[in-house]
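Enquirer: Below is the structure I would like to discuss, written out as C-alpha cells.
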C-alpha cells in the first residue's frame, strides 16, 4: 500500500485510492472521488491531497507548502 502525505494538512493519503476511478463524466472523462483523495502533477511529481480544499490551498501558494516538503 503506497502512502503519500498531504503537504497542506499532513494527512496520509492512500495513493491507490486517490487514483481509483469511480466513474465517468457525461463527456467520457474518468473521474475519481475527491473525498477519497485527489492529486495533481506539480514540479515533475504527483502531489496527493486529502480533498479539493487542500489541493486548492496548495495551488494558491505552492511555494509555501513545497518549502516544507
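In my numbering, the protein residues as written are 266 to 334.
Glycine included, C-beta positions come from ideal geometry on N, C-alpha and C.
Which residue wins for smallest C-alpha separation from residue 281, given the options 319, 307, 303?
Expert: Nearest C-alpha to residue 281: 303.
Enquirer: Name the two residues that bound the continuous beta strand (DSSP E) containing residue 268.
Expert: First-last of the beta strand (DSSP E) with residue 268: 268-270.
Enquirer: Hey, could you find the ends of the beta strand (DSSP E) residue 295 is sitting in?
Expert: Per DSSP, residue 295 belongs to the beta strand (DSSP E) from 295-297.
Enquirer: With 16 other CB atoms within 10 Å as the buried threshold, where does residue 325 fall?
Expert: Label assigned to residue 325: exposed.
Enquirer: Go ahead and pull the three-state DSSP assignment for residue 305.
Expert: Strand.
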